Amino acid sequence: MKKNLVSIITPMYNSEKFIEATIKSVIEQTYQDWEMIIIDDCSTDKSANIVKAYVEKDDRIKYIRNKSNLGVSSARNLALENASGQFLAFLDSDDIWTKEKLETQINFMNKNNYAITFTSYELMDENNKPLNKVIPVPKNVDYKKLLKGNVLGCLTVVIDQTKINFDIRMSGVRHEDYVLWLSILKKGHTAHGINEVLALYRKSSNSLSGNKIKAAKWTWNIYRNVEKIPLHKAIYYFINYGINGIKKS
Numbered sequence: 001m002k003k004n005l006v007s008i009i010t011p012m013y014n015s016e017k018f019i020e021a022t023i024k025s026v027i028e029q030t031y032q033d034w035e036m037i038i039i040d041d042c043s044t045d046k047s048a049n050i051v052k053a054y055v056e057k058d059d060r061i062k063y064i065r066n067k068s069n070l071g072v073s074s075a076r077n078l079a080l081e082n083a084s085g086q087f088l089a090f091l092d093s094d095d096i097w098t099k100e101k102l103e104t105q106i107n108f109m110n111k112n113n114y115a116i117t118f119t120s121y122e123l124m125d126e127n128n129k130p131l132n133k134v135i136p137v138p139k140n141v142d143y144k145k146l147l148k149g150n151v152l153g154c155l156t157v158v159i160d161q162t163k164i165n166f167d168i169r170m171s172g173v174r175h176e177d178y179v180l181w182l183s184i185l186k187k188g189h190t191a192h193g194i195n196e197v198l199a200l201y202r203k204s205s206n207s208l209s210g211n212k213i214k215a216a217k218w219t220w221n222i223y224r225n226v227e228k229i230p231l232h233k234a235i236y237y238f239i240n241y242g243i244n245g246i247k248k249s
């Protein structure tokens, strides 16, 4: 594990329209001690050619292709297995970061000795046009607060592996990032927010988060079958999840 190195976890599937902008947003970071691990989940478009061109120019960019299409959780786990940094960051192949994202967040974490942090982000459309919608974040969140709704945008989260005493992996359960954040906070950690827009999330027509009914079902499954929360408490958290979802939208 390399001190201060940020391992950027990027799953990719048929992202030829967006992956170049994603890579450029990493290359342009003011914090330059990073590696970007791009896992190609058997793309059938020109995504691989675009990434390989950047791999030839910058050896910090790693390209790995899955033998078969296994889904986003497996792709992220393969990237995590190949990560060598002290810090883990997550950036999907259609999202982008502002230039100061990593520098701001790593300095914030090192100064305060934090294990996990996250930031505000803004929504954009498929043509990089801002949707004038900013997702703000609280100053901090613990396990019980997080059960009331996932306020940690995956594209903004950074984890210091040296402060987490178990292997970081995605479970494969729907809303796998939410499951991971809960597992970390359940150990007693607090996630600390930077209420500053440091990332742009692409709201596409087929975004999973766009399907509110599916998202609600997945959240209920996490409460009952992953976290094993008693029914009456699960109902309480689910009501809060619904209220926070309305506020967020």
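If you use the UniProt record's numbering, the sequence shown corresponds to residues 1 to 249, in order. Each residue gets a CB set at the ideal place from its N, CA and C atoms; glycine is no exception. Predicted model only: the values in this text are computed from it and were never measured.
Check: State the Cα-Cα distance for the pair Thr-44 and Ile-23, rounded to the nearest angstrom.; Outcome: 19 Å
Check: Does the Cβ-Cβ distance between Met-36 and Arg-65 come in under 8 Å?; Outcome: no
Check: Identify, in the order they occur along the chain, each residue of the same chain with its Cβ nearer than 8 Å to the Cβ of Met-1, setting aside the five sequence neighbours on each side.; Outcome: Ser-84, Gly-85, Gln-86, Gln-161, Thr-162
Check: DSSP three-state call for Ser-233: helix, strand or coil?; Outcome: Here residue 233 turns out to be Lys, not Ser, going by the sequence shown. Helix, per DSSP.
Check: Does the distance between the C-beta of Tyr-54 and the nearest non-hydrogen atom of the ligand ZN fall short of 7 Å?; Outcome: In the structure on display, the ligand ZN does not appear, and there are no ligands present to speak of.
Check: Taking buried to mean at least 16 other C-beta atoms within 10 Å of its own C-beta, is His-232 buried or exposed?; Outcome: exposed
Check: Kindly identify the DSSP beta-bridge partner or partners of Glu-35.; Outcome: Ser-7
Check: Can the beta-carbon of Phe-118 be found less than 8 Å from the beta-carbon of Gly-193?; Outcome: yes
Check: Compare the C-alpha of Val-141 against each of Pro-11, Leu-182, Lys-111, Ala-21 and name the closest.; Outcome: Leu-182
Check: Span of the alpha helix (DSSP H) holding Met-109?; Outcome: 101 to 112
Check: Which residues mark the beginning and the end of the beta strand (DSSP E) in which Tyr-201 is found?; Outcome: 191 to 202
Check: May I ask you to report which of helix, strand or coil DSSP gives Tyr-143?; Outcome: helix
Check: Kindly indicate the opening and closing residues of the beta strand (DSSP E) around Leu-131.; Outcome: 130 to 135
Check: Would you mind sorting Lys-101 into buried or exposed? The rule is 16 or more other CB atoms within 10 Å of its CB.; Outcome: buried
Check: In the DSSP assignment, find the unbroken alpha helix (DSSP H) run with Thr-219 in it and report its ends.; Outcome: 212 to 221
Check: Are the segment 25 to 40 and the segment 101 to 117 touching by the rule of at least three beta carbon pairs closer than 8 Å?; Outcome: yes
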